[in-house]
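In the numbering used here, the protein residues as written are 841 to 1115.
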Amino acid sequence: MQNWKEVQLAVAALRRRLGAALPSRPDAAIILGTGLSGLVELMEDTRSVPYADLPGFPVSTVASHAGAFVLGRLGGRTVLVQQGRCHLYEGFGPDKVCMGVRVMAGLGADTLILTNAAGALDPQFDAGGLMCICDQINFTGASPLSGPNHEAWGERFPDMSAIYDAGLRDLACACALELGIRLERGVYIGVRGPQESPAETRMFRRWGADAVGMSSVLEVIAARHLGMRVLGISCLTNKNLPDCMRPAPLEEVIAVAGRAGKDLGRLVEAVVTKL
841 MQNWKEVQLA
851 VAALRRRLGA
861 ALPSRPDAAI
871 ILGTGLSGLV
881 ELMEDTRSVP
891 YADLPGFPVS
901 TVASHAGAFV
911 LGRLGGRTVL
921 VQQGRCHLYE
931 GFGPDKVCMG
941 VRVMAGLGAD
951 TLILTNAAGA
961 LDPQFDAGGL
971 MCICDQINFT
981 GASPLSGPNH
991 EAWGERFPDM
1001 SAIYDAGLRD
1011 LACACALELG
1021 IRLERGVYIG
1031 VRGPQESPAE
1041 TRMFRRWGAD
1051 AVGMSSVLEV
1061 IAARHLGMRV
1071 LGISCLTNKN
1081 LPDCMRPAPL
1091 EEVIAVAGRA
1101 GKDLGRLVEA
1111 VVTKL
């Protein structure tokens, strides 16, 4: 599911809309997950292009996903932000889920900072905290690399031995320490959604996962296929403890993400400054 022609049409349309403000190589591409769009408020000299204005680009149906690309300055650097994403559980295929990553790479970005809202599986993690992703488990049953391979993007069997960049991870941890932000480290498991059972949650923990969510893993696979360096940060919006689970409605997830998003914004800005 490597939709090269669709991506090129969206790249061309976005390039026209952003015009001379778009550099040949943005310093970083950033994906903002559920409830985390507030990072855009820290940016300067912004230009926004709605997804709906780009041919073939998917528009999310989930609340709090603004649905726009935003170009601007953050920490003195030029960044291209995907403000909201789409998900498999909305009915989109892997090609659409990963289209934003492929478009930003097509515009020259080679460093991806990816964020998401996730449920904590490690009982020592707290809701409202942040976790730097060290590795991932793709439990969606899908891959953005299935079907014919587009060689210009990457190899048929891309190296996934170090999915998340160790240098970027070390930089994030150092920045968090300087800012006094507690940053956990762990494994993220991505599921198709939009549901999880207590038994599944227990299984995920036994597999070695520290946080669970319904996004990101396919985007990261696509990014690595394209040769991008990846930093992943999860906002832990609730605790998924299988023996004492309680409901986590979307409104609560968005509220917690909004509060934790302030620390996330400070951290991402600090990381971008030092790229």
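The beta carbon of each residue, even a glycine, is placed where N, CA and C say it ideally should be. Keep in mind that this is a model prediction, so the values were computed, not measured.
Under a three-way DSSP split, which group does residue i fall into?
i: methionine 971; result: strand
i: proline 934; result: helix
i: lysine 1102; result: helix
i: threonine 901; result: coil
i: arginine 887; result: strand
i: glycine 940; result: helix
i: lysine 1079; result: strand
i: alanine 1062; result: helix
i: threonine 980; result: coil
i: glutamine 848; result: helix
i: glycine 915; result: coil
i: alanine 908; result: strand
i: alanine 945; result: helix
i: alanine 1049; result: coil
Taking 7 Å as the limit between beta carbons, can you name the residues of its chain near residue i, skipping five residues before and five after?
i: phenylalanine 897; result: Ala850, Tyr891, Met939
i: proline 963; result: Leu1081
i: aspartate 1103; result: Leu970, Ile1021
i: serine 1055; result: Gly873, Arg925, His927, Asn956, Gly1030
Does the beta-carbon of residue i have 16 or more other beta-carbons within 10 angstroms, so that it is buried, or is it exposed?
i: proline 1038; result: exposed
i: aspartate 867; result: buried
i: leucine 920; result: buried
i: glutamate 1059; result: buried
i: glutamine 848; result: exposed
i: threonine 980; result: buried
i: proline 984; result: buried
i: arginine 942; result: buried
i: alanine 1062; result: buried
i: methionine 883; result: buried
i: leucine 1066; result: buried
i: leucine 854; result: buried
i: serine 864; result: exposed
By Cβ distance below 8 Å, which residues in the same chain neighbour residue i in space, the five residues on each side in sequence not counted?
i: phenylalanine 932; result: Pro898, Cys926
i: tryptophan 1047; result: Ile977, Ile1029
With distance defined between alpha-carbon atoms, name the residue in the options nearest to residue i.
i: alanine 982; options: Val919, Asp935, Pro998; result: Asp935
i: alanine 869; options: Thr951, Leu879, Gln848; result: Thr951
i: arginine 1099; options: Gly878, Pro863, Arg865; result: Gly878
i: alanine 860; options: Leu947, Ala1006, Leu1076, Thr1113; result: Leu947
i: leucine 1076; options: Val1057, Ile1061, Gly1101; result: Gly1101
i: arginine 996; options: Gly987, Ala1016, Ile1003; result: Gly987
i: cysteine 974; options: Ala967, Arg1009, Ala958; result: Arg1009
i: alanine 1016; options: Arg1106, Met1043, Gly968, Met841; result: Arg1106
i: tyrosine 1004; options: Thr901, Gly959, Glu846, Leu1071; result: Leu1071
i: isoleucine 871; options: Gly959, Val937, Asp966, Pro1034; result: Val937
i: alanine 1002; options: Met1068, Gly1033, Ala908; result: Met1068
Sorted by chain position, which residues of the same chain lie with C-beta nearer than 6 Å to residue i's C-beta, five sequence neighbours on each side aside?
i: methionine 944; result: Ala869, Leu920
i: aspartate 1050; result: Leu961, Asp962, Gly1026, Val1027
i: glycine 1155; result: Residue 1155 is absent from the model: the chain starts at 841 and stops at 1115.
- Please list the segments of the alpha helix (DSSP H) lying wholly inside the stretch 982-1047, counting only runs of 4 or more residues, in order along the chain. 1006-1019, 1038-1047
- Hey, which unbroken runs of the beta strand (DSSP E) at 3 residues or more fall wholly within the stretch 851-885? 868-872
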